[in-house]
Amino acid sequence: EEPHGAAPVDFLQELPSCQSARRRRGGTQERRPASLRTAGSRGAVAPALQQERGELADRPAREHPTCMAEKRRIRDSQQADTEHLSRWKKWRRTSSKSLKKTLSEAKGLSSHLVFWRGDIHRIEGKFGTGIQSYFSFLLFLVLLNLIIFVLMFSFVILPTIISKYGIFNSTIAYISPKDIEAICTIYEPSGNKGLVYFYTYLKDLLSGTGFLEVTSLFYGYYTRDTVSISIMRYNLPLAYLLATFAYLALSFLWIIKRSAEGFKHNLVHDADPFQSYCNKVFAGWDFCITDLKAAWLKHRSLQYELKTDLQEEKQKRKIAERTMKEKLRIYTLRIFINIIVIAILSGCFYSIYRVTVFSQENSSVSIRNDTRTDLVFTVNLLVQYLPSMVITLANFIGPLIFSFLIRFEDYTPAFEIKLTLLRCVFVRLANIGVLLFSLWSQISDCDSDKCKPCGYNYKLYPCWESDVGQEMYKLMIFDFIVILAVALFVDFPRKLLVTYCSCKLIQWFGQKEFEISDNVLEIIYGQTICWIGAFFSPLLPAIATIKYIIIFYVKKIVLIHTCKPAARPIRASSSNFFYLVVLLIGLLLAFIPLGVSIARQVKILSFVNIPSSKACGPFRNFNTSWEVIPDTILQFPTGLQHILFGMASEAFAVPFFVVLCIIMFYVIALARAHKRVVEQLREQLVLESRDKMFLIRKIAEAQR
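Numbering of the sequence shown is given in full-length UniProt numbering, commencing with residue 1 and proceeding in unit increments.
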């Protein structure tokens, strides 16, 4: 017999969800009686409800979804039940509560130790989460570079300092190079000797030459092979290589961990356009905003995003209605514009290559016939900074041209933003790759048998790793100088002119907007330089940490006093996922030159190999940096040697690759199954909403 108040069977079968289920089954399944269906559903649901109630009963009273009076009653009931427990269970429950309370207090205390916590909260309250995410991303890079510096300092720099000054009775062991020409081992850095002018120190500080070249800043300083402290023997070349692997792996894993949450949010957000529209309408407001002007800008931002959605739908409809003639015209125009973009990129790359070659060939040439030493200083400094200047100019002009050309390609607004950012990322990161290629082409320039004794151009580059480190150092310093110069000589004067000058042209330019994407690409460019240069200049992460700390305060002052938030922000600006994806691209770019420098001999122009420098550095006794790994393994016991060499052989690699493929296919199948479940749950939500509308309509009809 049906319970009191149960709906008739025919009425339940009129629900839209029941009809959809019958259509999906094809109408072949027989209808079960309501009583059997009800009993079956009760039998399946009852254990789940009992399990859920049991789990809820074990939770603290404050975690129960009830009112305060009910929570107090539950708390009293739990305390009464505790009296009947054994001493062991009482101790376990008390210790568990104490541990949770201690962890909660420690977590709350640690939140107060976060760098710039108050500053970031004030920025969030005045300008919203979009701009706040940029400063949080900057904080992440500060912490990342600080940890990289701690790694390099602890395992490379500190043992070298200890051995140099004989602390803890440490000794140094040098291994004489074998089968190497004596001319290859000559390395005499141009350290300053005698009376030196002040501007010479300034030039050395900006270019990394002179007195800086013989310090622990660059690769050539670390010439020790082993350091013995008491009875411990420390292998410095192995530590140098493993520290490099450690900071690259740490950066990769940390970025993946931080981006996983953003990826899931982005996947759910972009899966359904209707859901995205509902999120903007019902959950798009940023309740952290307390400033009236920022609230008005957020209102305009939501309005702009809704207009963009409508414009995209209109554009999609327009694309669907295009004739063959219109499609031919659009595709022809896009091909022509992409040819222009490729020509611009080619011009940038060729310019960087030529100025790098010119700078390397003429950086040490002085004007001998001119007695004005200040002119010599200025010319040498400009010649050394030519590659950095051209790269910065290309990074500035390229995005402006791309933003202008994208308007004629007739894409949707969202795709316009993505394609422009993709081109900007490519031009910034590819410029670094072209610079490195230009440097390696000069190092391997072996005309007239200049490379025959050593395998590289030892006359111009006796320690070529230090020269690469100097180029990365100059890129880092010049990028920092440009950021400060733009803030001091562009942003602040523009603010003063807009505030105190009533000229229509100046008012038309208006106050500068804080472009989040440009600022993010700016610091990612600097971080890529740091990753590449940390191997050739171990102290570069410390310089990057100081640089980003100063940039934080500079950008904060510029934002508060001279800029306004962008009225038309990029949609990805409110999520760190976009920043982390671009940062991951920069890290993958850094893997290429470092992997080529460490793991194998580089083959570029004329198929010339570039081995490690024979006159400096910890790897001067090895042809490549990677050779220190098998050399260390040969010192292990014979059984362990066989195991390690077996793991590096094809007999182990092929089955391992097969197992990885099986695991990958399993994860892909699992992801597809989860996707199907999500789609079914979404359909169920839609059907439930239709059932509610159906019931409301039936109730209204019954009332009438």
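Even for Gly, the Cβ is constructed at its ideal location relative to N, Cα and C.
Paired residues, beta bridge with GLU513 - DSSP: LYS564
Nearest-angstrom Cβ-Cβ length linking ILE643 and SER625, presumed shorter than 8 Å: About 23 Å; that fails the 8 Å criterion.
Pairwise C-alpha distance: SER228 and TYR458: 31 Å
Local conformation of LEU400 per DSSP, three classes: helix
6 Å CB neighbourhood of ARG423 in its chain, flanking five on each side removed: PHE402
Distance between beta carbons of LEU429 and GLY586, contact taken as under 8 Å: 6 Å
Proximity to TYR247 [Cα-Cα], best of ASP286, LEU143 and LYS555: LEU143
Secondary structure of TRP440, DSSP reduced to three states: helix
Uninterrupted alpha helix (DSSP H) stretches inside the region 458–546 (no shorter than 4 residues): 464–486, 492–500, 504–509 and 516–536
ARG75, DSSP secondary structure in three states: helix
Three-state secondary structure (DSSP) of PHE218: coil
Residue from VAL628, ILE516, LEU589 and PHE591 whose Cα sits closest to the Cα of THR578: Strictly speaking, residue 578 in this sequence is Phe, with Thr absent from that position. PHE578 has its Cα closest to that of ILE516, out of VAL628, ILE516, LEU589 and PHE591.
Candidates VAL659, TRP285, THR290 and ILE289: closest to GLU305 by CA position: TRP285
Closest residue to LEU253 among LEU583, ILE629, LYS504 and MET68 (Cα-Cα distance): LEU583
As assigned by DSSP and simplified to three states, the class of SER86: coil
Reduced DSSP category for ILE289 - H, G, I as helix; E, B as strand; rest coil: coil
As assigned by DSSP and simplified to three states, the class of ALA700: helix
Of the listed residues LEU589, CYS501, CYS503 and ILE557, nearest to GLY526 (C-alpha basis): LEU589
Close-in-space but distant-in-sequence residues of the same chain around ILE549 (CB under 8 Å, 5 per side omitted): VAL142
C-alpha distance - PHE657 paired with VAL390, whole-angstrom precision: 44 Å
Residue span of the alpha helix (DSSP H) that contains GLY646, given as start and end: 638–647
Residue of LYS257, LEU302 and ILE255 minimising C-alpha distance to CYS278: LEU302
Three or more C-beta pairs below 8 Å linking the region 464–480 and the region 494–511: no
Buried versus exposed call for residue 739 [16 or more other C-beta atoms within 10 Å across all chains shown]: For residue 739 there is no data in the structure shown, the boundaries of the chain being 1 and 704.
Anticipated Cβ contact below 8 Å, GLY208 with THR200, distance rounded: About 13 Å separates the two Cβ atoms, so there is no contact after all.
GLY27 versus ARG690: straight-line alpha-carbon distance, rounded: Legend: pLDDT at GLY27 = 47, less than 50; position of this residue unreliable, value from coordinates given subsequently. Rounded to the nearest angstrom, the two C-alpha atoms are 21 Å apart.
Proximity below 9 Å, CB of GLY617 to CB of TYR222: yes
7 Å Cβ shell around TYR353 - same chain, five flanking residues per side excluded: VAL434 and SER438
At least three beta-carbon pairs within less than 8 Å, the region 478–486 to the region 540–555: yes
ILE157 beta carbon less than 9 Å from that of LEU250: no
SER136 versus LEU580 - alpha carbon distance: 12 Å
Alpha carbon of VAL425 to alpha carbon of TYR385, nearest angstrom: 22 Å
Counted within 10 angstroms of its Cβ, other Cβ atoms place GLN132 as buried (16 or more) or exposed: buried
Beta-carbon spacing of PHE140, LEU559 below 9 Å: no
Local conformation of GLN684 per DSSP, three classes: helix
Assigned exposure category for MET152 - 16 Cβ within 10 Å defines buried: buried
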